[in-house]
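Peer 1: In our numbering, the protein residues as written are 1 to 371.
What follows is a single structure, and I will ask about it in a moment.
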Amino acid sequence: MKRLFLVFLIVLLWATGQVAADTLKEFPAEKLKKLSLDLRCGGSIEVTGAKENKVRLEVLFKKTSEKEWEIVYTPRGDELEVECRSKVKDHQSPDFHIQVPQKFDLELKTLGGTISITGVNGTITGRTQGGALIFNKLKGVLRMKTMGGDIELRDSEVDGEVTTMGGRISIENVVGDIKGHSMGGNVVYRNVRKRAGDSGGKVVRITTMGGAINVDQAESGAEVETMGGDITIQSASEYVKAKTMGGDIVIKSVDGHVKATTMGGSIKVRISGDSQGKKDATLSSLSGGITLTVPESLAMAIDIQLVYTKGHQGEYQIHSDFPLQIEEDKEWSHEHGSARKTIRGRGKTGDGRNKITITTVNGNIDLKKSK
C-alpha cells in the first residue's frame with residue numbers, strides 16, 4: 001500500500017512539473033579542442049576538467065521537461081557548438097553540468113545564471129547577463145564578464161581580465177597578469193604574483209566605480225582607482241598610483257615612488273627599502289590628515305602645504321622629523337571661495353633628488369623617519 005502511494009505521488013509530482021527530467025549527451029573528444037555554449041534560454045553553467053577524453057553534458061530541467069526547450073548540439077571541426085532556446089515563456093531555465101578534458105578551450109554565454117569553472121587549462125572567454133563567476137584551478141587565458149554578480153578567482157595561473165558591472169571581486173593565490181574591474185563593488189587581491197623567471201613583471205591594475213580595494217602584494221607596481229571606497233596596499237615594489245574619490249588610502253610598504261590622491265579621507269604611506277632608486281612621493285587630500293614615513297637617509301626636496309579654512313585656525317599643524325622652514329599666511333585668502341590660510345613647510349636632505357610633495361585641507365601632516 002505504501003509503495004503504491006509512493007508511485008502515485010511520483011506520478012502526481014511529475015504531472016505537476018515538480019520533478020525534473022535530465023538529459024545526458026556525450027561526445028568523444030579525440031578531435032575536439034573547444035566547447036562553445038550559448039544559453040539564449042538562460043541558466044547556470046558548471047564546467048569541470050577531467051582526465052577522460054570526452055565532453056559530457058548533463059542538462060537539469062527545473063519544473064520543466066526537455067520538450068519545452070530547443071537544445072542543438074553541433075560538432076564543427078575541432079569545436080562542439082551547443083545552443084539552447086526556450087520554446088515557451090516564463091519557465092525556469094535549465095542548468096548545464098559539463099565535463100571536458102583538462103586541456104580545452106571554452107566560450108560560454110548565458111542570458112542569466114552563475115558560471116563556475118574548475119580544473120581547465122585553455123583559453124576561456126564568455127559572459128553572463130546576471131550571475132556570479134566562480135573560477136578555481138585554471139590555467140591559460142581568462143576573459144570573463146558578468147553584468148551583475150560577484151567574481152571569485154582562486155588557485156590559478158592565468159592572464160587576462162575579469163569584469164563585473166555590479167559586484168565584488170576576489171582574486172587569491174593567482175600567478176599571472178590578471179586585471180579586475182568592478183563598476184560597483186570591492187576588489188580584493190591576495191597573493192597575486194608574477195611567474196618565476198618573468199623579469200618584466202606584471203603591474204596590478206584595479207578599477208571600481210564604488211567599493212574598497214585591497215591588495216596584498218604588488219611586486220611590479222600597482223595602479224588602483226575607486227570612485228568611492230578605501231584603498232589598502234600591504235606591500236608594493238617599483239611604484240604605486242592610488243586614487244579614490246572618497247575614502248582613506250593606506251600603503252603599508254612601497255619600495256619605490258608613490259602618488260596617492262583622495263577627495264575626502266586620510267593618507268598613510270611608508271616608503272621602504274634602501275635610499276637608492278626613485279622614491280618620489282606626491283600625496284594629496286582635499287580633507288584629511290596625511291602621514292608619510294621614509295628612510296632616515298633618504299635624499300629629499302620637501303614641499304608641504306597645509307591649507308585650513310576659517311574657524312579651524314590652530315587645529316592643524318605640520319610635524320616633521322626632518323628640518324623644515326615653516327611659513328604661515330598672515331592674511332586670509334578668498335581665491336577658492338571660503339576664507340583660508342596656508343602653512344608651508346620646505347626643506348632639503350642630501351642632494352634632494354627625491355621630490356616629496358604633500359598637500360591637504362584641514363588635516364595634520366606628519367613626515368616621519370622609519371624606526
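Note that CB positions come from ideal geometry on N, CA and C, so glycine has one too.
#1: Nearest to residue 101 by CA position, among 48, 43, 24, 300, is which residue?
#2: I need the straight-line Cα distance from residue 269 to residue 330, nearest angstrom please.
#3: Would you say the segment 248-261 touches the segment 316-328, given that touching needs at least three Cβ pairs under 8 Å?
#4: Since residue 222 contacts residue 192 with CB under 8 Å, what's their CB separation in whole angstroms?
#5: Would you call residue 168 buried or exposed, if buried means 16 or more other Cβ atoms sit within 10 Å of its Cβ?
#6: Taking the alpha-carbon positions, what's the residue 262 to residue 339 distance?
#7: At which residue ranges does the segment 134-194 contain complete beta strand (DSSP E) runs of 3 or more residues, listed in the order of the chain?
#8: Secondary structure at residue 52, three-state DSSP: helix, strand or coil?
#9: Let's test the definition: count the other Cβ atoms within 10 Å of the Cβ of residue 186 and tell me whether it reaches 16, buried, or not, exposed.
#10: Throw me the rounded Cβ distance for the residue 211 and residue 184 pair, which I believe falls under 8 Å.
#11: For residue 103, count the other beta carbons within 10 Å of its own beta carbon; 16 or more makes it buried, fewer makes it exposed. Which is it?
#12: Hey, is the segment 52-65 in contact with the segment 117-135, meaning 3+ C-beta pairs nearer than 8 Å?
#13: To which residues of the same chain is residue 243 closer than 6 Å at the C-beta, ignoring the five residues directly before and after it?
#14: Contact between the segment 26-34 and the segment 83-94 is defined here as three or more beta-carbon pairs at a separation below 8 Å; is this criterion met?
#15: Hey, could you find the ends of the beta strand (DSSP E) residue 305 is sitting in?
#16: DSSP puts residue 84 in a beta bridge; with which residues?
#17: Can you tell me which of 160, 313, 346, 337 puts its alpha carbon nearest to the alpha carbon of residue 327?
#18: Run through DSSP, which three-state label would residue 238 get?
#19: Would DSSP call residue 335 helix, strand or coil?
#20: Taking the alpha-carbon positions, what's the residue 145 to residue 126 distance?
#21: Would you identify the three-state DSSP class for residue 46, choosing helix, strand or coil?
#22: Going along the chain, which residues of its own chain have a beta-carbon closer than 8 Å to the beta-carbon of residue 150, five neighbours each way excluded?
#23: Between residue 280 and residue 257, how many whole angstroms is the CB-CB distance? I'm expecting something under 8 Å.
#24: Check for me: the beta strand (DSSP E) holding residue 355 runs from which residue to which?
#25: For residue 79, which of helix, strand or coil comes out of DSSP?
#26: Here's the rule: buried if 16 or more other CB atoms are within 10 angstroms of the residue's CB, otherwise exposed. What is residue 153?
#27: Could you give the distance in angstroms between the alpha-carbon of residue 236 and the alpha-carbon of residue 341?
#28: Quick check on residue 411: does DSSP put it in helix, strand or coil?
#29: Provide the residue span of the beta strand (DSSP E) that contains residue 364, from first to last.
#30: Taking 7 Å as the limit between beta carbons, can you name the residues of its chain near residue 286, skipping five residues before and five after?
#31: Let me confirm a value: residue 332 is counted as buried when at least 16 other C-beta atoms fall within 10 Å, else exposed. Which label applies?
#32: Rounded C-beta distance between residue 118 and residue 137? I'm assuming under 8 Å.
#33: Drop a sphere of 10 angstroms on the beta-carbon of residue 95, count the other beta-carbons inside from all chains shown, and report buried for 16 or more, exposed for fewer.
Peer 2: Once the coordinates are examined:
#1: Position 101 of the sequence shown, counting from 1, holds the residue named residue 101. Per the Cα distances, 48.
#2: As a working mapping, residue 269 is identified with position 269 in the sequence shown. As a working mapping, residue 330 is identified with position 330 in the sequence shown. Going from the Cα of residue 269 to the Cα of residue 330 covers about 31 Å.
#3: Touching, no, given that fewer than three Cβ pairs across the two stretches are closer than 8 Å.
#4: Looking up residue 222 in the sequence shown gives position 222. Looking up residue 192 in the sequence shown gives position 192. The pair is not a contact, with the Cβ atoms about 10 Å apart (cut-off 8 Å).
#5: Sequence index remark: in the sequence shown, residue 168 carries index 168 (1-based). So residue 168 ends up on the buried side.
#6: Indexing the sequence shown from 1 puts residue 262 at position 262. Indexing the sequence shown from 1 puts residue 339 at position 339. Looking at the two C-alpha atoms, the distance is approximately 22 Å.
#7: 139-146, 151-164, 169-175, 178-182, 187-193
#8: Taking the first residue of the sequence shown as 1, we reach residue 52 at position 52. The answer is coil: DSSP assigns residue 52 none of H, G, I, E or B.
#9: In the sequence shown, residue 186 corresponds to position 186, counting from 1. Residue 186 is buried by the Cβ-count criterion.
#10: Within the sequence shown, numbered from 1, the residue matching residue 211 stands at position 211. Within the sequence shown, numbered from 1, the residue matching residue 184 stands at position 184. That pair is a contact at about 6 Å.
#11: Taking the sequence shown and counting its residues from 1, one reaches residue 103 at position 103. Classification of residue 103: exposed, given that the 10 Å Cβ count is below 16.
#12: no
#13: Here the question's residue 243 lines up with position 243 in the sequence shown. If we look at residue 243 and ignore the five residues flanking it on each side, its Cβ neighbours are 225, 261.
#14: Because the criterion of three Cβ pairs below 8 Å is not met, the segment 26-34 and the segment 83-94 do not touch.
#15: Translated into positions along the sequence shown, residue 305 becomes position 305. Residue 305 -> beta strand (DSSP E) spans 300-309.
#16: Here residue 84 is taken as the residue at index 84 of the sequence shown, counted from 1. Residue 84 is bridged to 39, 71.
#17: Within the sequence shown, the letter at position 327 stands for residue 327. Among 160, 313, 346, 337, the Cα nearest to that of residue 327 belongs to 346.
#18: Counting from 1 along the sequence shown, the entry for residue 238 is found at position 238. Correct three-state label for residue 238: strand.
#19: Here residue 335 corresponds to residue number 335 of the sequence shown, with the count starting at 1. Residue state, collapsed to three classes: coil.
#20: In the sequence shown, counting from the first residue as 1, residue 145 sits at position 145. In the sequence shown, counting from the first residue as 1, residue 126 sits at position 126. Looking at the two C-alpha atoms, the distance is approximately 7 Å.
#21: Taking the sequence shown and counting its residues from 1, the one referred to as residue 46 is at position 46. Strand at residue 46.
#22: Here residue 150 corresponds to residue number 150 of the sequence shown, with the count starting at 1. These residues qualify, in order along the chain: 132, 133, 164, 167, 168, 169, 170, 185.
#23: Residue 280 sits at position 280 when you count from the first residue of the sequence shown. Residue 257 sits at position 257 when you count from the first residue of the sequence shown. That belief holds up - the Cβ atoms of residue 280 and residue 257 are roughly 4 Å apart, short of 8 Å.
#24: Reading the sequence shown from its first residue, position 355 is the one you call residue 355. 354-361 is the extent of the beta strand (DSSP E) around residue 355.
#25: The residue given as residue 79 occupies position 79 in the sequence shown. DSSP places residue 79 in strand when its eight states are reduced to three.
#26: Residue 153 sits at position 153 when you count from the first residue of the sequence shown. The residue is buried, with at least 16 neighbouring Cβ atoms inside 10 Å.
#27: Against the sequence shown, residue 236 aligns to sequence position 236. Against the sequence shown, residue 341 aligns to sequence position 341. Rounded to whole angstroms, residue 236 to residue 341 spans 35 Å at the Cα level.
#28: Beyond the ends of the chain as shown, which are 1 and 371, falls residue 411; an answer cannot be given.
#29: Along the sequence shown, read from residue 1 onward, the residue named residue 364 stands at position 364. Neither: residue 364 is in no beta strand (DSSP E) and is coded neither H nor E.
#30: Taking the sequence shown and counting its residues from 1, one reaches residue 286 at position 286. Answer for residue 286: 263, 264, 361, listed in chain order.
#31: Residue 332 sits at position 332 when you count from the first residue of the sequence shown. Exposed: under 16 other Cβ atoms inside 10 Å.
#32: Taking the first residue of the sequence shown as position 1, residue 118 is located at position 118. Taking the first residue of the sequence shown as position 1, residue 137 is located at position 137. Residue 118 to residue 137, Cβ: 6 Å. Contact.
#33: Here residue 95 corresponds to residue number 95 of the sequence shown, with the count starting at 1. Residue 95 comes out buried.
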